[in-house]
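Just so you know, UniProt numbering puts 91 at position 91 of the sequence shown, and the rest follows in order with no gaps. The C-beta atom is built at its ideal place from N, Cα and C for all residues, glycine as well. The structure displayed is predicted, hence computed values, not measured ones.
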Amino acid sequence: MPYVVMPWLGEHVELPKDLTAERLAADLVRVGLEEEAIHSSGVTGPLVVGRVLERTPEPQKNGKVINWCQLDTGERTEDGEVVPRGVICGAHNFEVGDAVVVALPGAVLPGDFVIASRKTYGHVSNGMICSAEELGLADDPRYAGDGIIVLATAAELADDSADSAHLAPGTDALALLGLADEVLEINVTPDRGYCFSVRGVAREYAHATGARFTDPGLPAPAGSAPATPEPTTEAFVVEIDDDAPIHGVVGCDRFVTRVVRGVDPAAPSPQWLQERLRKAGMRPISLAVDATNYVMLDLGQPLHAYDLARVHEPIVVRRARAGERLVTLDDADRALDAEDLLITDSPDGVRGARPIGIGGVMGGASTEVSDATTDVLVEAAHFDPVTIARSARRHKLPSEASRRFERGVDTRLQAIAAQRVVGLLVTYGGGTADDARVGDVGVTTAAAPIVLDPAAVSALVGVDYTEDEVHDTLVEIGADVQAILSSGEDSSVTHELLVTPPTWRPDLTAPEDLIEEVVRLRGYDAVPSVLPHAAVGHGLTREQRLRRGAQRTLAEAGLVQVLSFPFVSPQVHDDLGEPVGDERRSAERLANPMADDAPELRTSLLATLLPIAARNLARGAGEVAVYEVGMVTRTRPGGPGLLPAGGSYPGEDVVAALLKSVPEQEEHAAAVLASAGRAGSGAESAETAIALAVRLASSLGTVVEVHARPVSSPRAPFHPGRCAELTTPDGFVLGHAGELAPSVARAFGLGARPAALELDLGALVTAAGNGLAAGPVGKLSTFPLAKEDLAFAVDARVPAETVRRTILEAAGDLAESVELFDVYEGEQVGEGRRSLAFALRLRAGDHTLTAAETAAVREAAVALVAERLGGELRA
């Protein structure tokens with residue numbers, strides 16, 4: 001993200017002298033530019049210029065020679081005498097009289113290295129003479145080399161013609177070395193590409209604070225120097241030949257060229273320019289490259305410098321051809337795509353034969369400037385954002401140029417930016433501008449005007465803005481605003497604004513964009529915070545309520561919800577015992593699965609739920625009762641559809657064919673009841689699973705019938721003789737429940753006699769009927785609950801659910817719930833019989849139940865179970 005260097009910013013907008021990076025960040029966030037980070041040199045505290053008064057070498061026992069130095073760091077007595085400071089130094093690249101950098105006690109250097117007075121080598125060292133590496137300046141060529149920083153030698157300081165006042169002892173070295181500057185890094189949203197420049201950030205700071213802004217992107221007035229020259233007939237020949245524009249937009253609509261001759265290839269970039277590039281996160285390379293990068297950072301217009309001797313006229317801007325390759329400036333050999341927009345030249349007279357750059361992304365190595373370049377061709381172009389964004393992503397090449405072009409660049413900057421680069425090459429490189437070869441090919445399209453009703457701003461935002469406020473704000477952002485009158489169908493006259501967005505704001509395309517600008521510049525804090533009003537009658541749909549009700553029913557029954565990955569191995573079909581030809585074996589395969597051993601989408605929830613139950617049992621869980629509500633996938637006839645070719649919008653027939661090929665997805669509910677203990681436990685019984693399935697369906701208001709699955713027609717993965725099929729009264733199958741087959745239990749490691757259920761939840765919801773909600777909502781009672789536990793010895797063939805419903809009927813309106821909590825089979829109940837224990841919960845809505853009322857319900861339940869089912873109450 002862009003770095004904001006405050007002294008640089010101050011060249012375009014007035015800044016307070018005491019402005020800090022924190023204050024700057026607070027001002028910019030008011031107009032939507034968020035702070036990303038504040039970068040400092042890491043050096044704080046007293047860092048001053050020191051003059052070496054004495055240097056005494058002292059050999060040490062370990063063979064090392066240290067220097068005991070006396071320094072003048074600006075301290076004086078009342079009589080004006082120098083107060084020398086003693087410092088130990090191990091470097092030897094300085095002499096008496098030299099000006100050096102001294103960190104005084106209390107200073108902190110990069111890496112949180114705190115300077116303090118300390119005794120070492122037999123002396124008290126009262127500070128430290130600093131090297132470039134210790135100050136974080138190792139990459140600065142001014143201080144390159146080993147040893148400490150010598151700001152000036154004794155001879156240079158003694159030269160009367162030299163200005164050395166800034167090197168007086170005690171002078172603040174933080175400012176002298178540029179270590180006092182803080183750099184603000186900001187976050188720029190994709191629609192604010194103009195803020196990838198000092199110019200854009202300065203404009204936003206002016207919006208936020210009202211400070212005076214000077215636009216560096218305006219053309220120089222006629223007669224001034226250096227003025228932007230007009231194109232000439234002898235310009236370097238450039239042809240734009242885009243025969244395959246994306247979405248009908250030409251990839252390059254303007255291409256400006258300038259020629260500078262006689263540039264000294266050894267001329268370095270000025271120090272101030274190099275320092276600014278470093279603080280902006282770029283590495284100085286050479287004068288030609290640094291000049292283009294500097295102007296790009298300043299104005300936001302990317303540029304490129306070619307070695308003129310290596311480029312052959314004409315330059316042709318075109319799309320790539322099949323098989324073309326390009327070695328870019330990063331020395332990568334890249335295969336080009338037909339969508340890539342190329343800059344090509346014409347060696348041997350063959351027009352556009354050689355690619356020399358990917359337009360708006362990166363130049364080619366064959367024409368880059370080198371240490372032998374004397375004549376420079378400067379390019380400043382305007383490219384289509386979509387074209388550049390696609391090329392940058394395709395080649396994984398997010399360059400500084402592409403970041404700006406893909407967000408949109410000012411369409412009028414090209415000639416101005418090129419002139420700025422020419423000026424730098426002339427001033428610092430000794431070159432001469434060839435004003436006879438000024439090229440400017442193509443014409444950029446002006447932004448379309450937008451009609452805005454000023455009243456619509458207040459209506460949409462909820463803040464009363466006057467028409468003058470709306471008008472003045474749009475003028476402030478640089479738009480051309482004209483008042484117009486429009487007549488309505490009722491002959492009424494409306495005052496509207498015809499707004500032409502500024503050239504640096506390609507994101508402004510609709511009235512809503514202009515309204516957002518008014519809100520942004522007038523202040524987001526003026527927009528009141530109002531909670532939205534929920535519309536009466538809206539909320540969850542009927543289907544959503546029913547699905548949530550199903551999950552609540554399973555949870556209330558004591559089951560734990562799990563979520564599993566829907567990807568399975570083909571082996572799972574054999575583990576589940578699905579016969580050959582079973583529709584569940586026809587599973588969709590993934591083209592790029594997350595795991596090679598799980599390439600299929602599940603066709604049954606139990607395929608992923610059973611391994612979860614087995615894993616919990618293997619980790620020591622005594623009993624497992626888990627459920628899942630999720631999607632299963634069914635293949636469609638014909639297989640997957642073919643994806644349409646890119647670069648064009650698919651027609652309705654193609655979309656319809658694709659949708660028809662999408663696999664069917666059904667929502668199921670499944671549960672597994674398993675135990676690591678002995679067989680016959682109630683949590684494992686088929687009856688429990690069947691009763692749970694019936695309870696789930698009933699809670700949704702679905703009428704179901706339970707049928708024993710014939711042994712001759714088993715339903716995998718259930719036991720052939722202990723599986724029930726749940727259907728609607730008209731025979732539609734909703735699902736199955738019962739005990740799992742022994743082979744399945746062994747395959748998954750589920751212990752003895754596990755039980756399970758799986759129902760089509762979508763079908764349950766459909767069968768629930770339009771008038772039913774997700775279970776009845778009774779009247780809440782604040783009176784105490786009465787509890788009764790009843791255990792009945794019944795015939796082993798009587799379903800537990802039948803007994804539960806009988807008890808519920810006998811309890812009447814006082815019953816709140818009846819839950820099965822234990823099943824026992826053994827000698828105490830006799831052969832062919834079993835004991836079913838239920839927890840009966842009673843509550844009245846208008847009073848506390850008496851002991852007599854509770855006893856009456858108990859007696860009624862005992863009598864009805866005995867009468868209908870032959871059940872006997874166990875003591």
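CB of residue i within 8 Å of CB of residue j, strictly
{"i": "T328", "j": "R334", "result": "yes"}
{"i": "L554", "j": "L696", "result": "yes"}
{"i": "D345", "j": "I315", "result": "yes"}
{"i": "G50", "j": "D72", "result": "yes"}
{"i": "G262", "j": "D410", "result": "no"}
{"i": "A625", "j": "L563", "result": "no"}
{"i": "H495", "j": "L508", "result": "no"}
{"i": "G442", "j": "I240", "result": "yes"}
{"i": "V704", "j": "T727", "result": "yes"}
{"i": "T432", "j": "V438", "result": "no"}
{"i": "F196", "j": "H12", "result": "no"}
{"i": "P381", "j": "F236", "result": "The residue asked about is misnamed: residue 381 is Ala in this sequence, not Pro. Their beta carbons are not under 8 Å apart, which means A381 does not touch F236 by this criterion."}
{"i": "A401", "j": "G364", "result": "no"}
Burial state of residue i (16 or more Cβ within 10 Å)
{"i": "P2", "result": "buried"}
{"i": "E827", "result": "exposed"}
{"i": "G771", "result": "Low per-residue confidence applies at G771: pLDDT is 36, beneath 50, and the placement is therefore not dependable, though the value from the model is reported in the following sentence. Classification for G771: exposed."}
{"i": "D350", "result": "The identity of residue 350 in the sequence shown is Val, whereas the question assumes Asp. It is exposed - the Cβ of V350 has fewer than 16 other Cβ atoms within 10 Å."}
{"i": "P169", "result": "buried"}
{"i": "N592", "result": "exposed"}
{"i": "N293", "result": "buried"}
{"i": "W272", "result": "exposed"}
{"i": "K64", "result": "exposed"}
{"i": "G735", "result": "buried"}
{"i": "P784", "result": "exposed"}
{"i": "R23", "result": "exposed"}
{"i": "S586", "result": "exposed"}
{"i": "N62", "result": "exposed"}
Segment limits, beta strand (DSSP E) that includes residue i
{"i": "G439", "result": "439-441"}
{"i": "V256", "result": "252-261"}
{"i": "K787", "result": "786-795"}
{"i": "S675", "result": "664-675"}
{"i": "L759", "result": "755-760"}
{"i": "E36", "result": "34-39"}
{"i": "V238", "result": "238-240"}
{"i": "P355", "result": "354-358"}
{"i": "I343", "result": "341-345"}
Nearest candidate by alpha-carbon position, reference residue i, set the options
{"i": "L605", "options": "A671, V475, L659", "result": "A671"}
{"i": "A447", "options": "V463, R412, A456, V426", "result": "R412"}
{"i": "V829", "options": "E853, A844, E801, F792", "result": "F792"}
{"i": "C723", "options": "P729, P714, G731", "result": "P714"}
{"i": "G408", "options": "T445, K396, E11, L424", "result": "T445"}
{"i": "residue 879", "options": "V441, A595, R584", "result": "Nothing can be reported for residue 879, as the shown portion of the chain is limited to 1 through 875."}
{"i": "H471", "options": "I246, E234, Q482, D464", "result": "Q482"}
{"i": "R321", "options": "H312, D375, I343", "result": "I343"}
{"i": "P449", "options": "E400, D513, I388", "result": "D513"}
{"i": "V835", "options": "L790, D434, V706, Q419", "result": "Here residue 835 is Ser; the residue named in the question, Val, does not match the sequence. For S835, the nearest C-alpha among the options comes from L790."}
{"i": "L869", "options": "T802, A875, A852, K279", "result": "T802"}
{"i": "R203", "options": "D27, E75, P729", "result": "D27"}
{"i": "D181", "options": "V794, K17, L757, T367", "result": "K17"}
{"i": "N86", "options": "G200, S125, E831, T120", "result": "Position check: residue 86 holds Gly in this sequence, whereas Asn was assumed. Of the candidates G200, S125, E831, T120, the one whose C-alpha sits nearest the C-alpha of G86 is S125."}
{"i": "A628", "options": "D440, R636, L151, L610", "result": "Reading the sequence as shown, one finds Glu at residue 628 and not Ala. Considering only alpha carbons, the answer is L610."}
{"i": "residue 877", "options": "G523, L521, L497, P502", "result": "The question about residue 877 has no answer here: the residues shown for the chain are numbered 1 through 875."}
Boundaries of the alpha helix (DSSP H) in which residue i is found, first to last residue
{"i": "P7", "result": "6-9"}
{"i": "D513", "result": "511-522"}
{"i": "Q301", "result": "Note, Q301: premise wrong, no alpha helix (DSSP H); not H, not E."}
{"i": "D653", "result": "652-661"}
{"i": "T209", "result": "198-209"}
{"i": "I416", "result": "414-429"}
- Message: So within the region 522-590, which uninterrupted alpha helix (DSSP H) runs reach at least 4 residues, ignoring any that extend past its ends?
- Response: 542-556, 571-575
- Of all the alpha helix (DSSP H) runs that stay within the bounds of the UniProt domain "TRNA-binding" (41-162), which reach a length of 4 or more residues? 154-158
- Task: Pick out the complete alpha helix (DSSP H) segments inside the UniProt domain "FDX-ACB" (781-874), 4 residues or longer, and give them in chain order.
- Result: 800-811, 851-869
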